[in-house]
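Number of protein chains: 2
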Amino acid sequence: MKVVITGGAGFLGKKLARRLLQQGEMMGPEGRPERLSELLLFDVAQAAGPGLDDPRVSAVAGDIANFATVQSIVQNAATVFHFAAVVSAGAEADFDLGYRVNLNGTRNVLEACRALGSNPRVVFTSSLAAFGGDLPPAVTDDTPLTPQTSYGAQKSIGEFLVRDYTRKGFLRGTSVRLPTICVRTGLPNKAASTWASSVVREPLTGVDVVCPVTPETIMVVLSPRKTVDAFVRLHDLPVDSFGPGRTLLLNGINVTARELEQAVGRHAGNRKVGKVTWQHDPSIQRICDGWPQGIDSKRAGWLGFETDRDLDEIVRNFIADDLDEQMKLTASVSLPPP
Amino acid sequence: MKVVITGGAGFLGKKLARRLLQQGEMMGPEGRPERLSELLLFDVAQAAGPGLDDPRVSAVAGDIANFATVQSIVQNAATVFHFAAVVSAGAEADFDLGYRVNLNGTRNVLEACRALGSNPRVVFTSSLAAFGGDLPPAVTDDTPLTPQTSYGAQKSIGEFLVRDYTRKGFLRGTSVRLPTICVRTGLPNKAASTWASSVVREPLTGVDVVCPVTPETIMVVLSPRKTVDAFVRLHDLPVDSFGPGRTLLLNGINVTARELEQAVGRHAGNRKVGKVTWQHDPSIQRICDGWPQGIDSKRAGWLGFETDRDLDEIVRNFIADDLDEQMKLTASVSLPPP
Chain Y
318 MKVVITGGAG FLGKKLARRL LQQGEMMGPE GRPERLSELL LFDVAQAAGP GLDDPRVSAV
378 AGDIANFATV QSIVQNAATV FHFAAVVSAG AEADFDLGYR VNLNGTRNVL EACRALGSNP
438 RVVFTSSLAA FGGDLPPAVT DDTPLTPQTS YGAQKSIGEF LVRDYTRKGF LRGTSVRLPT
498 ICVRTGLPNK AASTWASSVV REPLTGVDVV CPVTPETIMV VLSPRKTVDA FVRLHDLPVD
558 SFGPGRTLLL NGINVTAREL EQAVGRHAGN RKVGKVTWQH DPSIQRICDG WPQGIDSKRA
618 GWLGFETDRD LDEIVRNFIA DDLDEQMKLT ASVSLPPP
Chain S
318 MKVVITGGAG FLGKKLARRL LQQGEMMGPE GRPERLSELL LFDVAQAAGP GLDDPRVSAV
378 AGDIANFATV QSIVQNAATV FHFAAVVSAG AEADFDLGYR VNLNGTRNVL EACRALGSNP
438 RVVFTSSLAA FGGDLPPAVT DDTPLTPQTS YGAQKSIGEF LVRDYTRKGF LRGTSVRLPT
498 ICVRTGLPNK AASTWASSVV REPLTGVDVV CPVTPETIMV VLSPRKTVDA FVRLHDLPVD
558 SFGPGRTLLL NGINVTAREL EQAVGRHAGN RKVGKVTWQH DPSIQRICDG WPQGIDSKRA
618 GWLGFETDRD LDEIVRNFIA DDLDEQMKLT ASVSLPPP
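Residue numbers (the numbering used here), protein chains in the order written: chain Y, 318 to 655; chain S, 318 to 655.
Shown next as structure tokens:
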């Protein structure tokens, strides 16, 4: 079977790609495991990196807002993971770009999948940013969507589209509301939450870092390992497992910026550790404060989706899975001075 | 000030137009009443009818999915009432048309208003169809949106857009979730709720009618009078009155199809009354059963929005306000035999 990952050159896209290649098979449209024959990674730049040099992989660069392009990449696909997005602070800074990629791009993916006529499996990454404002201590499967950012609005809209296309029988869709992924590898991005990874990643690679929020700021996080586990698991579950909303809210653990900084100290060993400087940015703080301070998804629990045990596990796994590659990257670029 | 009504040739558009013309002024962008200098009625067909032959009215026909058209009609507008839509059963039957008008059309209106740069007032008609499925006995201001139709999805998406454009300071938007308007004048439309008006209107004009749902089917209704009152009232209220969701859920009263039929009998007087035949249509029944069976909006109550006292008041006001015009219309067309 052919699988497409949009945003396939991104951090999460590549992580999922490696897992799928390793695994070699996944649930097919007939409800039984099938061999992965083609994995198409689509992004604005061509996906490359360790583990992706595989005859099953094709990396295509293009514009998700171009329908003909999207139609050509999803040709014959049994599954599309739709990750491509302009992230939170990016979509807030460039309103038109956000709607172009996050709304028009998503509509293109859904329309192209509909045009296949084969009822493909579609997994759409929504976000905790779909919630906001006056929230309960922990958001649940039934908390109304009240986004406070354009990114959150676009993700909410994407969920309604996935639900409607699925209801009409055009595709078999699930939207996944992701907590903040921590620790992300690569360079800092334009997500308002990017500090939650930076304050661990940069110090462990010997680089100083500026944290733009107060030490008490809470973020609900999930590790890349558990996130990729979740994508594989939810893909293979019956599409009706996710309720009439066709949505999976993934649980995470609550950590503060200070706790993230402190966890680095506990696991640094003999490494030369970069320093965290606290330099408050009100616009980033405002976006982060508007997000949920906790998640309690009963459905994710029932369906067996796991969180990380604690922050120590998250940092240990980052060191085991990603630190070597990150060190090479850090050596090859010059990060802006904090 | 210039006011635009999209869907201005429709039943509700024309009712509101007449009220605004009569009233002669409304709240302007500076927060004080201003004289209505121009009322542009936009629709697929040119708006015409009693009360619209007024020097302040211009009626324009065109396609709301054409951005240049929309940009030209909103030029210099201080207020846009965006009513134009493909209704529920219509959007369900023609998926592409529904998204073209209800999503692309709404985006065009919002983008054109943004391009004005003058932060215009925008009132968007959402719908109870934004709710659906497993609902509480009465939906409230906090009930999550769970549409079960493409129309409901498109209206939900419109609300998110209105909220985001308002938050960004591009316009001053309010979305209004309307109960079923009863009694609508004119011909039956493609709304799955159209029977709620037909079983009153047709019999009172001497025409037999088929009701496609069971007599026990509940509909939450609001009269055209109270609906137009609500539009005028909400337009003039401060835009921040409607909470972070920028949404007003209008209360209505619950009536069954049987109660509607019976109310006609009580008010028919000496008129020759048409007969209701019950002929069940499962697809219409399914759509109607998915909608809320009650509404309890505390916000609408606090803000002084009124429902009709009872069904008798609704039928009496239909007879007083609309029956003569409806009789002329009925005489001029041949309704399909029930």
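The beta-carbon is built from N, C-alpha and C at its ideal position, and this holds for glycine as well. What you are looking at is a predicted structure, and each value in this text was computed from that prediction instead of being measured.
With a contact defined as Cβ atoms closer than 8 Å, Ala-513(S) and Thr-497(S) qualify at about 5 Å.
For Thr-544(S), not one C-beta of chain Y is nearer than 8 Å to its own C-beta.
In this structure, Gly-341(Y) is the residue among Gln-363(Y), Gly-341(Y), Val-361(Y) with its C-alpha nearest to the C-alpha of Leu-353(Y). Less than 8 Å separates the beta-carbon of Gly-618(S) from that of Asn-568(S). Beta-bridge annotation (DSSP): Lys-543(Y) is not paired with any residue. When the Cα atoms are used, Pro-555(Y) and Phe-441(Y) turn out to be separated by approximately 16 Å. 8 Å or more divides the Cβ of Asp-641(Y) from the Cβ of Ser-540(Y).
Boundaries of the beta strand (DSSP E) harbouring Trp-595(Y): 593 to 595, taken from the DSSP string. Gly-379(S) is a Cβ neighbour of Phe-359(S), given a cutoff of 8 Å. The segment 592 to 644 of chain S contains, as complete beta strand (DSSP E) runs of 3+ residues, the segments 593 to 595 (chain order).
In terms of beta-carbon proximity, Ala-401(S) stays away from the interface with chain Y, with every pair separated by 8 Å or more. For the 8 Å CB-CB criterion, Gly-325(S) and Ala-382(S) do not form a contact.
Around Leu-427(S), the same chain offers Leu-478, Tyr-482 as residues with beta carbons nearer than 6 Å, after the five sequence neighbours per side are excluded.
Using a Cβ-Cβ cut-off of 9 Å, Arg-480(Y) is close to Thr-463, Pro-464, Ala-470 of chain S, given in chain order. Taken in chain order, the whole alpha helix (DSSP H) runs of length 4 or more contained in the segment 336 to 411 of chain Y are 384 to 391, 405 to 410. In this structure, Val-538(Y) and Ile-631(Y) form a Cβ contact; the two beta carbons are roughly 7 Å apart against a cut-off of 8 Å. Residue burial annotation: Gln-465(Y) is buried, with at least 16 other C-beta atoms found within 10 angstroms of its C-beta.
With respect to Thr-544(Y), Leu-504(Y) sits apart: the two C-beta atoms are not nearer than 8 Å. If the five residues before and after Arg-616(S) are omitted, its C-beta is found closer than 6 Å to the C-beta atoms of Asp-458, all from its own chain and listed in chain order.
Put simply, the backbone Cα of Asp-638(S) is about 15 Å away from that of Leu-628(S). Along the segment 559 to 575 of chain S, the positions whose C-beta sits under 7 Å from a C-beta of chain Y are Pro-561, Gly-562, read in chain order. For Lys-485(S), the nearest CB of chain Y lies under 8 Å from its own CB, placing it at the interface with that chain. For Gly-422(Y), the enclosing alpha helix (DSSP H) covers residues 422 to 433. Taking a contact to require three or more Cβ pairs closer than 8 Å, the segment 442 to 454 of chain S and the segment 589 to 599 of chain S do not qualify as touching. Close CB contacts of Val-391(Y) within its chain, under the 8 Å cut and outside five residues either way in sequence, are with Val-321, Val-397, Val-426, Ala-429, Cys-430, Leu-433, Pro-437 (chain order). Within the DSSP secondary-structure output, Lys-319(Y) pairs in a beta bridge with Glu-355(Y), Ala-394(Y).
A distance below 6 Å between beta-carbons, with the five flanking residues on each side excluded, links Phe-487(S) to the following residues of its chain, in chain order: Arg-431. In this structure, Leu-521(Y) lies near Val-581(Y), with their beta-carbon atoms less than 8 Å apart. The C-alpha of Arg-575(Y) lies about 27 Å from the C-alpha of Val-650(Y). Below the 7 Å Cβ cutoff, chain Y contributes Pro-561 as neighbours of Gly-450(S), in chain order. Residues Pro-464 of the same chain have their beta carbon placed closer than 7 Å to that of Ala-470(Y), with the five preceding and five following residues left out of the count.
An exposed status is given to Pro-372(Y), since fewer than 16 other beta-carbon atoms sit within 10 Å of its beta-carbon. Counting along the chain, Phe-441(S) sits inside the beta strand (DSSP E) bounded by residues 438 to 444.
For Val-526(Y), the uninterrupted beta strand (DSSP E) segment begins and ends at 526 to 528. According to DSSP, Ser-515(S) shares a beta bridge with no other residue. Taking C-beta separations shorter than 6 Å and ignoring five residues to either side along the sequence, the partners of Arg-480(Y) in its chain run Arg-563, following chain order.
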